[in-house]
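Numbering (mature numbering (1 follows the signal peptide of the UniProt record, and there is no 0)), first residue to last: -29 to -1, 1 to 371.
Glycine included, each C-beta is placed from N, C-alpha and C at the ideal position.
Model, not experiment: these values are computed from the prediction.
Quick notes on the structure that follows.
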């Protein structure tokens, strides 16, 4: 009997030790897993639940008066777009493009004015279930549309003084919106600013003359966008132009000479005769705009009658400096005065040979600087008198 009890007590003790060890192992495993059990696999603990795709469509369903120049966009969250179709009222599909990651679709074809469209988008989330959402909307009927003209024209080479001029055929109420629609990129990079001369005319130029060789690209994306007061853009414009050689004519009314520099080097010095005492040539910085191998100059076009000292005179090799009628031109009748005295009605008279040389050399945007003529200051609005506006004034935006 005594031996049996001893054997039994020993067995209970052993079992107790084993139980203690098992409990310790179980508790340690639970602590390292971050919970009280080691039965759940780690991968299963860290995996996220499958989610349905969330779609966002713009314009929203039943939106009216949408500006057709604004993008139609569909966006997928927690998934990707598998199909997007935009159709007009006749069922014609409007082209669009899906991003590489499938997260966004946007139209690449412009919408029309006063049209109805339906956008149907299907997406799929990590749950594998397709979701479809639809938006129907109508575009705006403009009160009127405006066409934008641009100077310089596409593919041209212009001078270092050429401003970028934009002419709307309607007054623009929202000038900030108009400026935002006109993108100007240059190579090399050049900073500049807009200046409004009138409600339908805005120019852009750098602080100083352009550098020769600069490449300029204008993207005026005005189509389908609101410019204020019910006026919408009629057509986008894209213009590429290059700044050519730096040509500057320095005309001095006291020495009666024109010194022409090309890329900083004197190329020619020419005698001239400027405006007489009754018709003085304005002083300032002019920008050449156009030229004619032959034209008739008629003083009546700017208000000077023939019986008040006006004239109707045919001339050759005329290169325009201002809208008020200031030209370089051939004046064989004043060769004796050229280099000596000022006898013209305001133009810069040159010999036929020199006038032809200037004509052949000139391109729009070349600079003429007139000094010491005794005339008034050239008005900034007379032709491209843009450089007459000090930069600190220019950056204020003009009649903005």
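Taking residue i as the reference, give the member of the options with the closest Cα.
i, options, result
"residue 249", "279, 165, 40, 364", "279"
"residue 107", "138, 57, 156, 74", "57"
"residue 132", "122, 138, 65, 85", "122"
"residue 284", "316, 291, 325", "316"
"residue 329", "264, 353, 86", "264"
"residue 41", "194, 246, 277, 189", "194"
"residue 128", "88, 143, 204, 187", "187"
"residue 305", "314, 150, 299, 297", "314"
"residue 87", "33, 97, 68, 49", "33"
"residue 335", "266, 37, 124, 75", "124"
"residue 157", "151, 177, 173", "177"
"residue 82", "345, 260, 44, 292", "44"
"residue 139", "96, 160, 161, 174", "174"
"residue 337", "346, 318, 310, 291", "291"
"residue 37", "20, 52, 89", "89"
"residue 147", "206, 303, 171", "171"
To the nearest angstrom, how far is the alpha carbon of residue i from that of residue j?
i, j, result
"residue 79", "residue 209", "17 Å"
"residue 39", "residue 196", "7 Å"
"residue 135", "residue 363", "18 Å"
"residue 343", "residue 274", "25 Å"
"residue 232", "residue 222", "11 Å"
"residue 295", "residue 353", "6 Å"
"residue 59", "residue 67", "13 Å"
"residue 312", "residue 235", "28 Å"
"residue 8", "residue 97", "Because residue 8 carries a pLDDT of 35, less than 50, the predicted location of this residue cannot be relied on, and the following value inherits that uncertainty. Their backbone Cα atoms lie some 29 Å apart in a straight line."
"residue 287", "residue 293", "17 Å"
"residue 371", "residue 54", "45 Å"
"residue 320", "residue 253", "15 Å"
For residue i, report the span of its beta strand (DSSP E) as first-last.
i, result
"residue 28", "25 to 29"
"residue 172", "172 to 177"
"residue 57", "50 to 59"
"residue 214", "208 to 214"
"residue 96", "87 to 96"
"residue 136", "135 to 139"
"residue 284", "283 to 291"
"residue 239", "236 to 242"
Between which two residues does the alpha helix (DSSP H) harbouring residue i extend?
i, result
"residue 329", "323 to 332"
"residue 146", "146 to 152"
"residue 304", "It is not in any alpha helix (DSSP H) - residue 304 carries neither H nor E in the DSSP assignment."
"residue 365", "362 to 365"
Excluding sequence positions up to five away, which residues of its chain have a Cβ less than 7 Å from the Cβ of residue i?
i, result
"residue 255", "341, 348, 349, 356, 359"
"residue 115", "141, 201, 202"
"residue 368", "165, 166, 167"
Just to confirm, are residue i and residue j a CB contact at a threshold of 8 Å?
i, j, result
"residue 289", "residue 262", "yes"
"residue 164", "residue 119", "no"
"residue 220", "residue 242", "no"
"residue 77", "residue 26", "no"
"residue 63", "residue 84", "no"
"residue 73", "residue 47", "yes"
"residue 198", "residue 143", "yes"
"residue 185", "residue 218", "no"
"residue 259", "residue 351", "no"
"residue 24", "residue 95", "yes"
Going by beta carbon distance, what residues of the same chain come within less than 6 Å of residue i, once the five residues before and after it are set aside?
i, result
"residue 35", "109"
"residue 150", "165"
"residue 103", "93"
Take residue i and list the residues in its own chain whose beta-carbon comes closer than 8 Å to its own, dropping the five residues that flank it on each side.
i, result
"residue 271", "277, 281, 283"
"residue 21", "96, 97, 98, 99"
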